[in-house]
Amino acid sequence: MFPFDEAQGDAYVGGFVADPEEYLSLESASKQRYCNIANRTLTSKYGGYVIPADAVYDFASVLATVYSDQNKLAQQGVTQFSLSGSIGISFKNGKQELADLVPRHIADLISDANPDLPKVDGRIKPTVL
4 MFPFDEAQGD AYVGGFVADP EEYLSLESAS KQRYCNIANR TLTSKYGGYV IPADAVYDFA
64 SVLATVYSDQ NKLAQQGVTQ FSLSGSIGIS FKNGKQELAD LVPRHIADLI SDANPDLPKV
124 DGRIKPTVL
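Be aware that the sequence shown starts at 4, since it is given in my numbering, and climbs by one per residue.
Take a look at the structure:
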């Protein structure tokens with residue numbers, strides 16, 4: 004479980020995230036859940052790297068937006084829907100894996116926290132030796 008600090012997370016997201024509304028509007032338990040998922044995903048994707056708390060809070064805010072009420076439908080595989088023919092919404096990418104949702108700037112935060120390790124480029128590629 005990620006050592007969640009709501010005040011620290013809210014301060015980071017409120018100050019550094021372009022679209023903080025979804026994350027900041029969550030109840031404390033939901034923020035903790037998104038931080039746990041973000042930490043697990045980043046730790047799995049960037050094994051061997053120290054994952055800074057800022058990267059976890061930032062990715063948790065990404066997840067809160069991706070899994071917001073409307074966007075949740077895309078994650079569930081819905082590609083298009085309409086309401087009484089008056090409004091229609093289509094989703095470009097549909098369902099994505101969590102690791103594929105990590106933005107470049109979060110990979111940069113992880114690289115900056117690990118100056119003695121190779122810079123991560125957003126994707127860890129297998130290497131044959």
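The beta carbon of each residue, even a glycine, is placed where N, CA and C say it ideally should be.
Assigned exposure category for S64 - 16 Cβ within 10 Å defines buried: On the sequence shown, position 61 is the one that residue 64 refers to. That one is buried.
Candidates A67, P55, S47, G18, of which the one nearest S31 by Cα: Numbered from 1 along the sequence shown, position 28 holds the residue referred to as residue 31. That would be A67, whose Cα lies nearest to the Cα of S31.
Length of the line joining the Cα atoms of E25 and V59: On the sequence shown, residue 25 is found 22 positions in, with the first residue counted as 1. On the sequence shown, residue 59 is found 56 positions in, with the first residue counted as 1. If I take the Cα positions, the gap works out to 15 Å.
Segment contact flag, the segment 37 to 55 with the segment 15 to 25, C-beta cutoff 8 Å, min 3 pairs: Too few Cβ pairs lie closer than 8 Å, so no.
Other residues of its chain near I109: CB distance less than 7 Å, five sequence neighbours each side excluded: On the sequence shown, residue 109 is found 106 positions in, with the first residue counted as 1. Cβ within range, chain order: A58, D61, F62.
First and last residue of the uninterrupted alpha helix (DSSP H) at V105: Counting from 1 along the sequence shown, the entry for residue 105 is found at position 102. Where V105 is concerned, there is no enclosing alpha helix (DSSP H), given that its DSSP letter is neither H nor E.
Spatially closest choice to L45 from A102, L120, F7, P121, by CA coordinates: One-based indexing of the sequence shown puts residue 45 at position 42. Closest by alpha carbon: A102.
Straight-line gap, A41 to V69 (C-alpha atoms, nearest Å): Within the sequence shown, residue 41 is the residue found at index 38, counting from 1. Within the sequence shown, residue 69 is the residue found at index 66, counting from 1. Straight-line Cα distance between these residues: approximately 12 Å.
Assumed close pair A14, P55 - CB separation to whole angstroms, cut-off 8 Å: Numbered from its first residue, the sequence shown carries residue 14 at position 11. Numbered from its first residue, the sequence shown carries residue 55 at position 52. A14 to P55, Cβ: 14 Å. No contact.
For D115, the three-state DSSP class (helix, strand or coil): As a working note, residue 115 is residue 112 in the sequence shown. Reduced to three states, the DSSP call for D115 is helix.
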